[in-house]
Amino acid sequence: MTTAVHPATTNGHVVPPTRRRTGRTSKLLLLAVLLGALGALLAVYAFRSAVAREGVVALARPLSYGDTVDPTALREVLLPSDTGLATIAWSDADSVIGTTAATDLRVGQTLTPDAITRERTPMPGEAVVGIPADPGHVPTTPLNPRDAVLLVSAGRPPLLATVVRTGETDLSGRRTVDVVVPQAEAEEVALAALDERVVLVLVGRG
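For what it's worth, UniProt numbering labels the leading residue of the sequence shown as 1, then goes sequentially.
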């Protein structure tokens with residue numbers, strides 16, 4: 001026997017059957033999953049970008065102006081890859097060995113291309129002379145590498161020189177200042193320094 005199915009009624013009115021929205025719901029769920037996965041991927045990318053590091057060359061020990069850079073002076077440090085700083089990649093460390101410090105360099109300082117040079121001190125035609133300077137013969141203002149000084153002594157015109165480094169002050173207050181002078185003038189400057197007749201005048205910062 002066949003049983004007839006009658007539509008539901010409410011107060012004599014036929015109630016239309018409820019339409020299922022299974023297809024639309026599935027699409028929304030799929031879209032939500034895709035958006036969640038995309039958000040997770042973007043978060044991972046942002047995290048990796050934030051923590052990305054690259055090895056750069058830094059100083060393992062201090063170097064003074066004019067010192068030769070050797071392997072013991074270098075070490076690797078990791079910096080964020082997007083700092084925008086001028087650095088030297090650790091993979092290029094071999095190219096730095098044998099160069100000359102163009103300024104005083106501190107331990108832990110990252111090495112920049114302008115902090116080194118391939119020029120030697122002294123260069124051809126130059127000489128380095130140590131000037132023993134008593135208090136009053138040298139400014140109390142610290143002299144730094146590459147500062148320009150006038151060497152003043154009686155009986156000869158002042159001579160322009162460049163500071164290489166300044167030694168420590170001894171118990172008497174004397175310190176030796178190494179300067180670069182033209183090689184042709186080196187002998188006279190050394191003789192004047194030997195007689196302690198040289199006064200150093202700071203005329204320019206390096």
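Glycine included, each C-beta is placed from N, C-alpha and C at the ideal position.
Could you name the residues that DSSP lists as bridge partners for residue i?
i, result
"residue 110", "58"
"residue 100", "68, 117"
"residue 178", "130, 165"
"residue 153", "156"
Assuming residue i and residue j form a contact by the criterion Cβ under 8 Å, report the distance between their Cβ atoms to the nearest whole angstrom.
i, j, result
"residue 149", "residue 128", "Wrong, their Cβ atoms sit about 13 Å apart, outside the cutoff."
"residue 77", "residue 110", "7 Å"
"residue 89", "residue 112", "12 Å between Cβ atoms; not a contact."
"residue 159", "residue 185", "6 Å"
For residue i, count neighbouring Cβ atoms within 10 angstroms of its own Cβ and tell me buried if that reaches 16, exposed if not.
i, result
"residue 57", "buried"
"residue 147", "buried"
"residue 37", "exposed"
"residue 192", "buried"
"residue 25", "exposed"
"residue 33", "exposed"
"residue 161", "buried"
"residue 101", "buried"
Does the CB of residue i have a neighbour CB from chain D at under 9 Å?
i, result
"residue 124", "The structure shown contains no chain D; it holds only a single protein chain."
Could you pull out every residue in the same chain whose Cβ sits closer than 6 Å to the Cβ of residue i, ignoring the five residues on either side in sequence?
i, result
"residue 79", "56"
"residue 203", "148, 150"
"residue 130", "176, 178"
"residue 29", "none"
"residue 135", "173"
Once you ignore the five residues that flank residue i on each side, which residues in its own chain have a CB closer than 7 Å to its CB?
i, result
"residue 105", "59, 62, 63, 115"
"residue 73", "59, 60, 61, 63"
"residue 201", "149, 150, 152"
"residue 183", "125, 126, 127"
"residue 93", "57, 74"
Would residue i and residue j qualify as a contact pair, given that the criterion is a beta-carbon distance under 9 Å?
i, j, result
"residue 206", "residue 144", "yes"
"residue 142", "residue 166", "yes"
"residue 121", "residue 180", "yes"
"residue 133", "residue 198", "yes"
"residue 99", "residue 118", "yes"
Among residues of its own chain, excluding the 5 on either side of residue i, which ones have a beta-carbon nearer than 8 Å to its beta-carbon?
i, result
"residue 96", "57, 69, 74, 88, 111, 116"
With a threshold of 8 Å (Cβ to nearest heavy atom), would residue i be considered close to the ligand SAM?
i, result
"residue 63", "With respect to the ligand SAM, the structure offers nothing, as it holds no ligand at all."
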